[in-house]
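As you go down the protein sequences, you meet chains P and L in turn.
Be aware that the first sequence starts at 0, since it is given in numbering that gives the first Met the number 0, and climbs by one per residue.
Be aware that the second sequence starts at 0, since it is given in numbering that gives the first Met the number 0, and climbs by one per residue.
Notes to accompany the following structure.
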Amino acid sequence: MKHEEILTALEEISDKHIKEAEKPPKKKKRTFLKMAVAAALVIAISTSIMNAPMRITAYVVAAASEPRMMERPDLDDYKERDEWKADYDVWDTERTLRNETAALATSSLSSFFTSGNSQFLQTKGNENKLWSPVNAYIGLAMATEITEGETRQQILDLFGAEDTYTLRKQVSAVWESVYQDNSNEICVLANSLWLEKGLQYNQEAMDAIAYHYYASVYQGDLGSKKTNQDIAAWINNNTGKFLKDSAESIELSPETIMALYSTLYFQAKWTDEFSESKNTEGVFHMPDGDTQAVYMNKKLKQMNYYWGENFSAVMLGLKNGSGMWFILPDEGMTINDVLSDGSYMDMLLSDEWEGCKYMKVNLSVPKFDVSSTMDLSKGLKNMGIQNAFSEENAEFTQLTSDSPIYLTAANQSVRVEIDEEGVKAAAYIEIPGAGSAAPPEEVIDFVLDRPFLFVITKDKLPLFAGCVNNPEN
Amino acid sequence: MDDKQIIELYFERNEQAIYETDAKYGAFCHRIAMNILGIREDAEECVNDTYYSVWKQIPPTVPEVFKVYLGRITRNLSISRFRAMRAKKRYSSMEIMLSELNDCVPSLSNVEQTVEAMELSEHISQWLDSLPEEECALFVRRYWFGDEVQELAKKCGITAAQMAQRMLRLRKSLKASLEQKGVA
Numbered sequence: 000m001k002h003e004e005i006l007t008a009l010e011e012i013s014d015k016h017i018k019e020a021e022k023p024p025k026k027k028k029r030t031f032l033k034m035a036v037a038a039a040l041v042i043a044i045s046t047s048i049m050n051a052p053m054r055i056t057a058y059v060v061a062a063a064s065e066p067r068m069m070e071r072p073d074l075d076d077y078k079e080r081d082e083w084k085a086d087y088d089v090w091d092t093e094r095t096l097r098n099e100t101a102a103l104a105t106s107s108l109s110s111f112f113t114s115g116n117s118q119f120l121q122t123k124g125n126e127n128k129l130w131s132p133v134n135a136y137i138g139l140a141m142a143t144e145i146t147e148g149e150t151r152q153q154i155l156d157l158f159g160a161e162d163t164y165t166l167r168k169q170v171s172a173v174w175e176s177v178y179q180d181n182s183n184e185i186c187v188l189a190n191s192l193w194l195e196k197g198l199q200y201n202q203e204a205m206d207a208i209a210y211h212y213y214a215s216v217y218q219g220d221l222g223s224k225k226t227n228q229d230i231a232a233w234i235n236n237n238t239g240k241f242l243k244d245s246a247e248s249i250e251l252s253p254e255t256i257m258a259l260y261s262t263l264y265f266q267a268k269w270t271d272e273f274s275e276s277k278n279t280e281g282v283f284h285m286p287d288g289d290t291q292a293v294y295m296n297k298k299l300k301q302m303n304y305y306w307g308e309n310f311s312a313v314m315l316g317l318k319n320g321s322g323m324w325f326i327l328p329d330e331g332m333t334i335n336d337v338l339s340d341g342s343y344m345d346m347l348l349s350d351e352w353e354g355c356k357y358m359k360v361n362l363s364v365p366k367f368d369v370s371s372t373m374d375l376s377k378g379l380k381n382m383g384i385q386n387a388f389s390e391e392n393a394e395f396t397q398l399t400s401d402s403p404i405y406l407t408a409a410n411q412s413v414r415v416e417i418d419e420e421g422v423k424a425a426a427y428i429e430i431p432g433a434g435s436a437a438p439p440e441e442v443i444d445f446v447l448d449r450p451f452l453f454v455i456t457k458d459k460l461p462l463f464a465g466c467v468n469n470p471e472n
Numbered sequence: 000m001d002d003k004q005i006i007e008l009y010f011e012r013n014e015q016a017i018y019e020t021d022a023k024y025g026a027f028c029h030r031i032a033m034n035i036l037g038i039r040e041d042a043e044e045c046v047n048d049t050y051y052s053v054w055k056q057i058p059p060t061v062p063e064v065f066k067v068y069l070g071r072i073t074r075n076l077s078i079s080r081f082r083a084m085r086a087k088k089r090y091s092s093m094e095i096m097l098s099e100l101n102d103c104v105p106s107l108s109n110v111e112q113t114v115e116a117m118e119l120s121e122h123i124s125q126w127l128d129s130l131p132e133e134e135c136a137l138f139v140r141r142y143w144f145g146d147e148v149q150e151l152a153k154k155c156g157i158t159a160a161q162m163a164q165r166m167l168r169l170r171k172s173l174k175a176s177l178e179q180k181g182v183a
């Protein structure tokens, strides 16, 4: 028997049960508000971007706006159906508009994501590389509020936005469509700007950052131990301490007069969890040598199987509506080949990818907890963000006219961990070198036992991307 | 307008029947379809298909409880759409519900008989009868109406994690009951 049969059988349960269920349930008093979530963690991810030539301590210049999204109106909270319908329509219109704007942003960002993956995920040897496209996007977009001229224009161009106004709207929409924070599903983007004590700032720009980018702005003694601790605390607060080690090792140089921090904290469960009892140990073939890995397995799982010219892929759903793509280069191809070709991005962003079949898959995914800290500045310069990093040409004149400011680095720390709950034997099975041909079998083995790419997307927006050369990090 | 009058309109082949159905039960149907599909356009199409289906079925059918009858059709059509479109679209709420229902599947491997859907429905109904009223309602709200765990938790004044635990216990109880009856 399968779950589908239970679903079908439920169609015919008696009228009595359906009518009874319509009655509102008895409400119980809340005994406590929060439960620990760490034990239930299946996938947890965090990242922070740190632009290092600047930064602060505790005075709040502007506080981040509270989330402005409406909650979905619940019919049971209304006496009149028309009132519910009216509120529902407002909610739905707002949601539709937001999703449309976010979709527009996602589509105009596709070249940024593709070239970013190509810039930041090229690897050598057994190193893992990770980055968060959406985090870098929001962190950099925030910089348009405090820059002018060519410095600003280069950022707008990279993100395909006509002007600051459009970019603000898109960032707000992206933030709001991604935002989720409840006990089990977390996807929280947080931003902060830290200014050196005594720096004269433009309050209007700070307020705009707080409102449109949901960012907090602080001012303090950048480079001091106290402010380093403040920043670490801010990062820890916004990432559930998932990046504790890298947060607490932050030491801004005393010359820093501004620092920008963005975090993205993500935690979600698989829609269909793995069972630990079916885990197996096996060899993972790294570029240089082999290592042992623990594989989470699913046998004969009905799912979409994707393939392209030089890769095959599956996507595992997460309960918060996002999904994690696993992209495996074909035999003889490398991650760098797939990244350079870039067609995998079309698969991620398209509704009509031809290489797709709903079929049974024997799936083996290694458990991993990988992290990397990377300075994105070189790659960003290659992608056209030249002036912001240039001592001579940077124009952070919307922030202050006090002293010339430029970015010296754009550090991003990312950690991604996945685990199961669960299951089963995976012998090493070779992936057919399918190329662009459809898989001939009814059942296919998808075994991630050699370097692979992953991308976590929500509504096609890439939250995280990484290449895993060594699951044991 | 009461249900009998609406059904009368269907028998008279008066298109006002559909308008009245929508006015009285549109939100109810819409909610079931939205819970299952989560995409407004798809949900709306399912609700419209529901009206079309009702128009074709009445007469000769005379529904016993009109609201439940409508809900069943909407639910069936929404699930059919989910099954037909799942390869192309992501209906995450339905995928979650299905993955949860996995917990109810009996683990007997080479046992007794494979049951027909109707027989399985009866087993499930009997199991529902054996539950305390509130637990029964919760199970039906979650797996028939497709209400989200969070929503149910809010209504009961407990946390989502507590509600998820409660649901897990219910699913395990159904599984045990089916196993006891030798259903495989």
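Positions of the beta carbon are idealized from the N, C-alpha and C atoms, including for glycine.
Every value quoted in this text rests on a predicted model; they were computed, and no experiment measured them.
With the criterion set as a beta carbon lying under 7 Å from some beta carbon of chain P, the members of the segment 53-77 of chain L are GLU63, VAL64, VAL67, GLY70, ARG71, ARG74 and ASN75, in sequence order. For ASN237 (chain P), the uninterrupted alpha helix (DSSP H) segment begins and ends at 224-238. Around the beta carbon of ASP329 (chain P), a 10 Å sphere encloses 16 or more other beta carbons of the protein chains shown; the residue is thus reported as buried. Along the length of the segment 121-147 of chain P, whole alpha helix (DSSP H) runs at least 4 residues long occupy 132-142, reported in chain order. At a cut-off of 8 Å, the C-beta of SER13 (chain P) has a neighbouring C-beta in chain L. Beyond the five residues adjoining it in sequence on each side, SER107 (chain P) comes within less than 6 Å, by CB distance, of GLY159 in the same chain, given in chain order. Within the segment 63-85 of chain P, the residues whose Cβ lies closer than 7 Å to some Cβ of chain L are ASP73, LEU74, ASP75, ARG80, TRP83 and LYS84, listed in chain order.
When P:GLY316, P:GLU195, P:VAL293 and P:GLN152 are compared, the shortest CA-CA separation from LEU398 (chain P) is found for P:GLU195. For the pair of segments examined, the segment 294-312 of chain P was found not to touch the segment 244-260 of chain P: the number of CB pairs separated by less than 8 Å stays below three.
For VAL60 (chain P), the CB contacts under 7 Å within the same chain, skipping 5 residues up- and downstream, are LEU194, TYR200, MET205, VAL216, TYR217 and GLN218 in chain order. Judged by beta-carbon spacing, GLN169 (chain P) lies beyond the 8 Å limit of LEU221 (chain P), meaning their Cβ atoms are not closer than that value. It is roughly 4 Å from the alpha-carbon of THR372 (chain P) to the alpha-carbon of SER412 (chain P). With 16 or more neighbouring CB atoms inside 10 Å of its own CB, TYR260 (chain P) falls in the buried class. In terms of Cβ geometry, SER120 (chain L) and ALA172 (chain P) do not form a close pair [threshold 8 Å]. For GLY341 (chain P) and ASN381 (chain P), the gap between their C-alpha atoms comes out near 17 Å. Spatial neighbours of ASP287 (chain P) in its own chain (CB-CB distance under 8 Å, excluding positions within 5 residues in sequence) are listed in chain order as GLY124 and ASN125.
Its chain contains THR143 as the residues whose beta carbon lies nearer than 6 Å to that of ARG151 (chain P), once the 5 sequence neighbours on both sides are disregarded; these appear in chain order. Interface annotation, ILE17 (chain P): in contact with chain L, CB-CB separation under 8 Å. Taking a C-beta distance under 8 Å as the contact criterion, ALA231 (chain P) and ALA207 (chain P) do not qualify as a contact pair.
Checking the DSSP bridge columns, you'll see ALA26 (chain L) has no partner listed.
ASP444 (chain P) has P:ASN361 as its beta-bridge partners, per DSSP. The way I'd put it, the segment 454-469 of chain P doesn't touch the segment 34-49 of chain L; fewer than three beta-carbon pairs between them come closer than 8 Å. Under the 8 Å criterion on CB atoms, ASP345 (chain P) is classed as non-interfacial with respect to chain L. One Cα belongs to SER106 (chain L), the other to LEU137 (chain L), and the distance between them is close to 24 Å. Look at LYS457 (chain P): its C-beta is not under 8 Å from any C-beta on chain L. Sorting P:ALA409, P:ILE443, P:ASP444 and P:PRO450 by C-alpha distance to the C-alpha of PRO132 (chain P) places P:ALA409 at the top. In terms of CA proximity to THR255 (chain P), P:LEU192 leads the group P:PHE283, P:PHE367 and P:LEU192.
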